[in-house]
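Quick mapping for you: the protein sequence lines, in order, are chains A and B.
Mapped onto the numbering used here, the consecutive letters of the first sequence carry residue numbers 1 to 310.
Mapped onto the numbering used here, the consecutive letters of the second sequence carry residue numbers 311 to 620.
2 protein chains.
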Amino acid sequence: MRVINVAAAQLGPIQRAEGREVVVKRMLALMDEAKSKGADLIVYPELALTTFFPRWYVEDQAEVDLWFERDMPNEAVQPLFARAAEYQMAMNFGYAELTPDGHHFNTSILTDRTGKIVGKYRKIHLPGHSEFDPERDFQHLEKRYFEPGDLGFPVWRTLDGIFGMAVCNDRRWPETYRVMALQGVEMVLIGYNTPSFNSQKGSEGPEKRLFHNRLAVQAGAYQNSCWVVSVAKAGDEDGFPLIGGSLIVNPDGEVVIEAKTDGDELLVHPCDLDDTVFGKKTIFDFARHRRIEHYGRITSQTGVILPPET
Amino acid sequence: MRVINVAAAQLGPIQRAEGREVVVKRMLALMDEAKSKGADLIVYPELALTTFFPRWYVEDQAEVDLWFERDMPNEAVQPLFARAAEYQMAMNFGYAELTPDGHHFNTSILTDRTGKIVGKYRKIHLPGHSEFDPERDFQHLEKRYFEPGDLGFPVWRTLDGIFGMAVCNDRRWPETYRVMALQGVEMVLIGYNTPSFNSQKGSEGPEKRLFHNRLAVQAGAYQNSCWVVSVAKAGDEDGFPLIGGSLIVNPDGEVVIEAKTDGDELLVHPCDLDDTVFGKKTIFDFARHRRIEHYGRITSQTGVILPPET
Chain A
1 MRVINVAAAQ LGPIQRAEGR EVVVKRMLAL MDEAKSKGAD LIVYPELALT
51 TFFPRWYVED QAEVDLWFER DMPNEAVQPL FARAAEYQMA MNFGYAELTP
101 DGHHFNTSIL TDRTGKIVGK YRKIHLPGHS EFDPERDFQH LEKRYFEPGD
151 LGFPVWRTLD GIFGMAVCND RRWPETYRVM ALQGVEMVLI GYNTPSFNSQ
201 KGSEGPEKRL FHNRLAVQAG AYQNSCWVVS VAKAGDEDGF PLIGGSLIVN
251 PDGEVVIEAK TDGDELLVHP CDLDDTVFGK KTIFDFARHR RIEHYGRITS
301 QTGVILPPET
Chain B
311 MRVINVAAAQ LGPIQRAEGR EVVVKRMLAL MDEAKSKGAD LIVYPELALT
361 TFFPRWYVED QAEVDLWFER DMPNEAVQPL FARAAEYQMA MNFGYAELTP
411 DGHHFNTSIL TDRTGKIVGK YRKIHLPGHS EFDPERDFQH LEKRYFEPGD
461 LGFPVWRTLD GIFGMAVCND RRWPETYRVM ALQGVEMVLI GYNTPSFNSQ
511 KGSEGPEKRL FHNRLAVQAG AYQNSCWVVS VAKAGDEDGF PLIGGSLIVN
561 PDGEVVIEAK TDGDELLVHP CDLDDTVFGK KTIFDFARHR RIEHYGRITS
611 QTGVILPPET
C-alpha cells in the first residue's frame, strides 16, 4: 500500500476585476480544510490565480501581461507556498507564465512537501483560435495568448510515487496520458477551465460538456492504469459559465469522488498508488502488448491524410 | 446527410462441438432480419464461425487448425456471401485465418454491396499468453494460436464513407482508433469475445467488464469523432460466459443503441457519416491541434522506461 490522501480543490469563479489576493485567500481556506482532512497533496485548477482571460479579446499586450506571473513563487502566492510547507503538503496549481525572455505559457507546477517546486509542465494542446472570431458565441483565444508548451510530458518522482501533469484540453488527447504512462506515471494531475457551452455549437451545453470531461479522464486512467485527479475552475465568470465536475478517477477508470457544486469545493480521497500495478502488469503491460511498428502515423503526421479517392 | 443503416448482429454462444453450418444458419437469420429493417451494412463479431477456442489448450496443431479457414469465402460461408450480395448489403465478420504459407491470424473482413471482399484486417493487439498458465482461472491463449497482424490499421472507401476495422482487445488501445483517424476514418467496425470474468482477478466480473467495454469504445469514438460499431459474441460457451453489450456509439461518444441480451440479437441504427464532420473540424482538428514533436515515445518505445531513481 502506498496511500496518498489527495485533495482536489475546485475553485468557483474569479471575476475579471478581482485581484490575486482574493483568490489566494480562498485557496488558503481550501488548504486549511485539506489539512484538517489529512491531505498529502492539494490540486488546484488551471489558471488558478485569475479569471479565465482567454475569453477576452485584448489588443494591448501590456494589458494582457497583467494576467501573467513573471516569477514563481511571487509575492501574491507566497502565502500558499508558506502554508503548504508548514502543512508538509505537496501542491499543484496552474498559472499564466511569462518568462524572462518574453515567452507566454499556460503552466502548471508541482511542489514537494517542503514547498519546493519539483515539476513544471507547460500546456501542449492549446484549443481555440488566435484572432477575433465574430462567428463564435464567445472568444477562446488560447492560441493568441500562449505558445504551445516546450517541455513535453515529463513525470516526476515525489511522495513515493510517479506523477505527471496536464492542463485542460490536454485531457481530451490520449497521447497526453500515453506519453506519461510510457514513463510509468501513477497519478496525473489536471486542471481545467471549460465553458459550459460550445462556442461554435450552442446546443452543446453543460450536460454534454460534463460527459466529455468524465469520458476523456476515465479512459485516460483506465487505458494507462493510473490515477487521474482533474480539477475545475467552475461557475459564472462575468456572465460566462464554466462547468464544475472536478473528479478523481481510479486506475480502473471509475470515478471515486466528484464535485457537486460550481463553487469552491474540496474533494478528499485516499489513493493507493499500488492500485496501478495490476493493470500495468496484465492487460496494459505495454512491453508485451504494444505494437509500435503499426503506430507510425501517430508521430509521423500531424493532420489527416485521406486515402486516395476510388 | 450520408446516412447508412447499420445492423450490429450480436451472436449468442457457439459450443465447441458445433459446426460452422449451425452458426451460419443463425447469421443468415440475423441477415434476413437486417434486410427487413433496411440495413446497408451488417457487422458480426470476432471469430464468428467457431467457439472462442483460445480458451482451450490444445497441443496438436492439426487439431487447432480445424478452427481456421484456409480460404475466404469457402463452402461453409458461401451462403452468407450469396445472400449479402442478393440483399446488396455490405458485411463484416471475423474468423481465424490460416494462410497458404502457414501463418495464423485473427482476421476480420469487409465486403461491399456486391459481396466482394474490399478490406481485410488482422488483429494487432493479441491479449493473453502463449503457454499453459496454471495460475489463471481459465486459459486465454491468443498469443499461442495467432501471430500479431501484419497489415497495420488501414481504412477503406466503401458505402460512400471511410471505414476501418479492429478486433476485440484492439478496442482498448487508443492507438488503434488514432491511426485510423489519421486516415479520416468515419466508422470503425469491431467484433469481440470478452470473458465475463478476468481470468487473473476473479472479482472483476461482468459489470466491470461491460463498463470497460463501453468506456474504451466511447472514448475512441469521441476522441476521433467517428462512429464505432462494436459487436459481441456473448453468452455461455461450454460453461465459460462471455459478456454481451454490443453497441453503436456516435461521434460524440454517446451510446445510441445497446444489446439487452446474451444471445443472437440485432441492433439497427441509422448512422449519418456527416455527423463526424463537426468534431473533425473543431476540437479534434488534428492539423491545428496535435503536437507530434511531444509524442515521440509512443512510437519509439514499446514498454515503460521509468525515470531515474532520485
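Glycine is no exception: its CB is placed at the ideal position from the N, C-alpha and C atoms.
Compare the Cα-Cα distances from residue i to each of the options and report the closest residue.
{"i": "SER225(A)", "options": "ARG214(A), GLU254(A) and GLN200(A)", "result": "GLU254(A)"}
{"i": "TYR405(B)", "options": "ALA476(B), GLU445(B), ASN315(B) and GLY606(B)", "result": "ALA476(B)"}
{"i": "ASP160(A)", "options": "LEU41(A), GLY303(A) and LYS37(A)", "result": "LEU41(A)"}
{"i": "ALA339(B)", "options": "ALA327(B), ALA317(B) and LYS570(B)", "result": "ALA317(B)"}
{"i": "TRP537(B)", "options": "LEU520(B), ALA491(B), THR571(B) and LYS570(B)", "result": "ALA491(B)"}
{"i": "PRO484(B)", "options": "TYR532(B), THR620(B) and ARG312(B)", "result": "TYR532(B)"}
{"i": "LEU242(A)", "options": "ASP274(A), GLY205(A) and PRO134(A)", "result": "GLY205(A)"}
{"i": "PRO134(A)", "options": "TRP67(A), SER199(A) and GLU21(A)", "result": "SER199(A)"}
{"i": "THR99(A)", "options": "GLU147(A), PRO79(A), GLU63(A) and GLU131(A)", "result": "GLU147(A)"}
{"i": "VAL333(B)", "options": "VAL527(B), THR417(B) and ALA358(B)", "result": "ALA358(B)"}
{"i": "VAL185(A)", "options": "ASN169(A), THR310(A), LYS37(A) and ASP275(A)", "result": "ASP275(A)"}
{"i": "GLY279(A)", "options": "VAL256(A), ILE305(A), VAL118(A) and PRO251(A)", "result": "PRO251(A)"}
{"i": "SER108(A)", "options": "ILE190(A), MET27(A) and VAL217(A)", "result": "ILE190(A)"}
{"i": "TYR367(B)", "options": "GLY530(B), PRO383(B) and ARG446(B)", "result": "ARG446(B)"}
{"i": "GLU373(B)", "options": "TYR455(B), ILE472(B) and GLN493(B)", "result": "TYR455(B)"}
{"i": "LYS453(B)", "options": "LYS208(A), HIS289(A), GLU309(A) and ILE305(A)", "result": "HIS289(A)"}
{"i": "LYS430(B)", "options": "LYS518(B), MET341(B), ILE593(B) and ASP381(B)", "result": "ASP381(B)"}
{"i": "LYS281(A)", "options": "LYS511(B), ASP595(B) and ILE593(B)", "result": "LYS511(B)"}
{"i": "VAL249(A)", "options": "ASP238(A), ASP236(A) and GLN218(A)", "result": "GLN218(A)"}
Under 7 Å Cβ-Cβ, which residues of chain A neighbour residue i?
{"i": "GLY545(B)", "result": "Those do not exist, as GLY545(B) stays about 22 Å from chain A at its closest Cβ, beyond 7 Å."}
{"i": "HIS450(B)", "result": "Chain A residues near HIS450(B): none, gap ~10 Å exceeds 7 Å."}
{"i": "PRO389(B)", "result": "Here the premise fails: no neighbours, minimum Cβ distance about 28 Å."}
{"i": "ILE434(B)", "result": "ARG291 and HIS294"}
{"i": "GLY613(B)", "result": "PHE286 and ALA287"}
{"i": "GLY563(B)", "result": "HIS212 and LEU215"}
Less than 8 Å between the beta carbons of residue i and residue j, yes or no?
{"i": "PHE240(A)", "j": "PRO270(A)", "result": "no"}
{"i": "PHE138(A)", "j": "GLY115(A)", "result": "no"}
{"i": "LEU247(A)", "j": "GLU265(A)", "result": "no"}
{"i": "PRO355(B)", "j": "ALA542(B)", "result": "yes"}
{"i": "MET399(B)", "j": "LYS345(B)", "result": "yes"}
{"i": "ALA39(A)", "j": "VAL188(A)", "result": "no"}
{"i": "ARG524(B)", "j": "TYR502(B)", "result": "no"}
{"i": "THR361(B)", "j": "GLN320(B)", "result": "no"}
{"i": "THR302(A)", "j": "ALA597(B)", "result": "yes"}
{"i": "VAL155(A)", "j": "ASN92(A)", "result": "no"}
{"i": "THR176(A)", "j": "LEU110(A)", "result": "no"}
{"i": "LEU583(B)", "j": "ARG312(B)", "result": "yes"}
{"i": "GLY149(A)", "j": "PHE105(A)", "result": "yes"}
{"i": "GLY152(A)", "j": "HIS140(A)", "result": "no"}
{"i": "GLU97(A)", "j": "GLU75(A)", "result": "no"}
{"i": "ASP234(A)", "j": "GLY19(A)", "result": "A small correction: the amino acid at residue 234(A) is Ala; Asp does not occupy that position in the sequence shown. The answer is no: Cβ separation not under 8 Å."}
{"i": "MET244(A)", "j": "THR261(A)", "result": "Here the sequence assigns Gly to residue 244(A), which means Met is not the residue at that position. Yes, the Cβ-Cβ distance between GLY244(A) and THR261(A) is below 8 Å."}
{"i": "THR609(B)", "j": "ILE4(A)", "result": "no"}
{"i": "ILE615(B)", "j": "GLN183(A)", "result": "yes"}
{"i": "PRO257(B)", "j": "ILE162(A)", "result": "For chain B, the structure presents residues 311 to 620; residue 257(B) sits outside this window and is missing."}
Check the Cβ of residue i against every Cβ in chain B and list those closer than 8 Å, keeping chain order.
{"i": "LEU306(A)", "result": "ILE472, GLN493 and GLY494"}
{"i": "THR310(A)", "result": "ARG467"}
{"i": "GLY119(A)", "result": "Correct list: empty, because the minimum Cβ distance to chain B is about 11 Å."}
Run down chain B in chain order and give the residues with a C-beta less than 7 Å from the C-beta of residue i.
{"i": "GLY152(A)", "result": "HIS604"}
{"i": "THR299(A)", "result": "ILE602, TYR605, GLY606, ILE608 and THR609"}
{"i": "GLY115(A)", "result": "Within 7 Å Cβ-Cβ: nothing; GLY115(A) doesn't reach chain B, min ~17 Å."}
For a contact defined as C-beta to C-beta under 9 Å, what are the partners of residue i on chain B?
{"i": "VAL179(A)", "result": "HIS604, TYR605, GLY606, ARG607 and ILE608"}
{"i": "ARG172(A)", "result": "TYR532, GLN533, ILE593 and PHE594"}
Counting only Cβ pairs nearer than 9 Å, list the residues of chain A close to residue i.
{"i": "GLU485(B)", "result": "PRO174, ARG178, ARG290, ARG291, ILE292, HIS294, TYR295 and ILE298"}
Could you work out which residues of chain A lie near residue i, taking near to mean beta carbons separated by less than 8 Å?
{"i": "PRO437(B)", "result": "ILE283 and HIS289"}
{"i": "PRO458(B)", "result": "ARG291"}
Check whether the Cβ of residue i lies closer than 7 Å to any heavy atom of the ligand FAD, and answer yes or no.
{"i": "VAL304(A)", "result": "This structure does not include the ligand FAD; it has no bound ligands of any sort."}
> Taking Cβ-Cβ distances below 7 Å as the criterion, which residues of the stretch 567-598 of chain B are in contact with chain A?
Replying inline: Residues PHE588, THR592, ILE593, PHE596 and ALA597.
>> Can you pull out the residues from the stretch 502-529 of chain B whose beta carbon lies closer than 9 Å to at least one beta carbon of chain A?
In response: Those would be ASN508, GLN510, LYS511, GLU514, LYS518, PHE521, HIS522, LEU525, ALA526, GLN528 and ALA529, in chain order.
>> By the 8 Å beta-carbon criterion, what residues does the stretch 397-423 of chain B contribute toward chain A?
In response: Interface annotation for the stretch 397-423 of chain B against chain A: empty, criterion Cβ-Cβ distance under 8 Å.
> Does the stretch 284-294 of chain A touch the stretch 434-442 of chain B, meaning 3 or more C-beta pairs lie closer than 8 Å?
Replying inline: The answer is yes - the stretch 284-294 of chain A touches the stretch 434-442 of chain B, with three or more Cβ pairs under 8 Å.
> In the stretch 45-77 of chain A, which residues sit with their C-beta less than 7 Å from some C-beta in chain B, listed in chain order?
Replying inline: For the stretch 45-77 of chain A, which is checked against every Cβ of chain B, not one residue is closer than 7 Å.
> Of the residues that make up the stretch 12-23 of chain A, which ones have a beta carbon closer than 9 Å to any beta carbon in chain B?
Replying inline: Within the stretch 12-23 of chain A, no residue has a Cβ that lies closer than 9 Å to any Cβ of chain B.
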